[in-house]
Amino acid sequence: MKQTSSLTFAALAAFLFTASIASAQDKPVVNVSVAGTSVTLGWTSVAGASGYRADLGTYSGGSNVFAGNVGPILGGTVSLGNNATYFFRITPIGAGTVSDEVSFNVGTPRPGMPQNFTAALNGSTLVFAWAAPASGGAPTNYVLQAGTQFNLSNLAPGIGVGNTLTFSVPNIGGVLPQGSYFARLVAVNGGGVSDPSDEVVFTIGNIPGVPTPAAAVVNGNSVTLSWTPPAGGAGVTAYGIEAAYGHYALLPPRGTVDANTTSFTAAGLVPGPYYWRVRAYNGNTPGGVFGTASFYVGNRPAMWNGPRTADPRIGRQLPRPTYGQAVAQSMASVYRGDLNNSCRELGGNNQWMFKVARELRRIDTRWGLNWKRGGVGDLSQDIVAYNWGSNPDEGTVDAYIYDIIGGHCGNSPDWFWNDVTGVTLNS
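Going by our numbering, 21 is the number at position 25 of the sequence shown; the sequence numbering is gapless.
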């Protein structure tokens, strides 16, 4: 396995170890102390164990830093890369069960997501406000992103606003033309960049603002959709519902309700996934939409057993996982032969891709293989996908798509991690 630290089988066994008092428990109890980049790992013994297997990774359940039998020792000191969070567990060999996983920080890990992000117009001044992250390392800066649609950053890919909890833009009408705009915030420090905050929307000019969809209520073959009225913009005279079965790309109009109504009911729906959004109108002038929400009619397919990240909130999508590249890199080191033999056109097979997908699914069962061009049964041979939405994993098009083999079918294929979601959708 390719090492990302100074930890190796031989080096670990050569350290001086302090014996721990034998534990009556059937699983080791792990303790960790950190001094700079030096980390001391220790664990209690398990009666009857002939040795121990150590697993150390940069994501929960991961083994991309170290994985292997360390013999009968009960601890050691290692040097690890700075500004990261690590996850460690010990498995006794021949007796007992795996320890609880312990996480620890070396240096300053990247910040958690900024909390309670808001945007409000105070006269002609746009005021952003937020709270510090509830997890991770302390931020040294915040970066504002903004775009003309949900999840876009075409207006402001990254404006540093300093280590503060507010940011104001005076005379916003002189900066941006009439319209609705979407913004989010990330926190930054020496360890990296956080996941983005929740999206906020603000409206400039005499057009309707953007309503926010709420959770759909499904009753048999009927559904009731509801939403929160816009906070700003021109007065609303009506709401338009746009919805479709099976795919979120094109959502035709499905109905209209007056401005005093914030719900819409549809009956006689066939089973399966649906996508919807709501748009405010002022006369014939339409406003924008806050992303696309979804719901499912009928019995949802059974989910795979195992860990699965909870569904995103209404009208939102889960952030891109940050650990995929480390998984692909580590699996390339362990299964180099399978990676070299990954081109079916040259007599190879898909075993390396399958192994990467299985390792990712140990972390989150939202991961899976990808059907090329959406054709079920037409397997993409170097692609994995991650379901970012609330629909069942199998068959969803709510996916981030990643190319995991560089130089596939060439003379020297290697691990790769390239987000091709946008390229795939545009093609």
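Cβ atoms here follow ideal geometry from the backbone N, Cα and C, with glycine treated the same way. Note that this is a predicted model, so its numbers are computed, not measured.
Secondary structure of Phe84 (DSSP, three-state): strand. Boundaries for Val232: no alpha helix (DSSP H) harbours it, and the DSSP string shows neither H nor E there. Collapsing the DSSP output to three states places Phe260 in a strand. Here DSSP, grouped into helix, strand and coil, assigns Glu195 to coil.
One Cα belongs to Gly67, the other to Ser95, and the distance between them is close to 16 Å. At a cut-off of 4 residues, not a single continuous stretch assigned as alpha helix (DSSP H) sits fully inside the region 87 to 124. Here Leu246 has Ala240 as same chain residues with Cβ atoms under 7 Å from its own Cβ, once five neighbours each way along the sequence are excluded. Under the three-state reduction of DSSP output, Ile168 falls in the helix class.
In this structure the region 150 to 157 does not lie against the region 98 to 112, because fewer than three pairs of beta carbons, one per stretch, are closer than 8 Å. Annotation: Ala234 to Gly133 spans about 46 Å, alpha carbon to alpha carbon. For the pair of segments examined, the region 63 to 83 was found not to touch the region 159 to 176: the number of CB pairs separated by less than 8 Å stays below three. In the DSSP assignment, Val206 falls outside any beta strand (DSSP E) and carries neither an H nor an E. Using a Cβ distance threshold of 8 Å, Pro135 and Asn159 count as a contacting pair.
In the three-state DSSP reduction, Val419 falls in the helix class (H, G or I). Distance check between Glu238 and each of Val232, Gly229, Val253 places Val253 closest, using alpha-carbon atoms only. The region 310 to 329 makes contact with the region 39 to 55: 3 or more CB pairs, one atom from each, lie closer than 8 Å. Taking 8 Å as the cut-off, the Cβ atoms of Tyr398 and Val416 count as close. For Ala50, the three-state secondary structure derived from DSSP is strand.
Under the 8 Å Cβ criterion, the region 215 to 228 counts as touching the region 255 to 268, having at least three qualifying pairs. With the rule of 3 Cβ pairs closer than 8 Å, the region 172 to 189 counts as touching the region 202 to 214. Under a 10 Å Cβ-count criterion, Phe62 is classified as buried, with 16 or more other Cβ atoms of the shown protein chains found around its own Cβ. Fully contained in the region 277 to 312 are the following beta strand (DSSP E) runs of length 3 or more, in chain order: 289 to 293.
Counting other Cβ atoms within 10 Å of its Cβ, Ser376 reaches 16 or more and is therefore classed as buried. Taken in chain order, the whole beta strand (DSSP E) runs of length 3 or more contained in the region 314 to 386 are 363 to 367, 375 to 383. For Ile69, there is no enclosing beta strand (DSSP E), as DSSP gives it neither H nor E.
DSSP links Trp411 through a beta bridge to Ile401.
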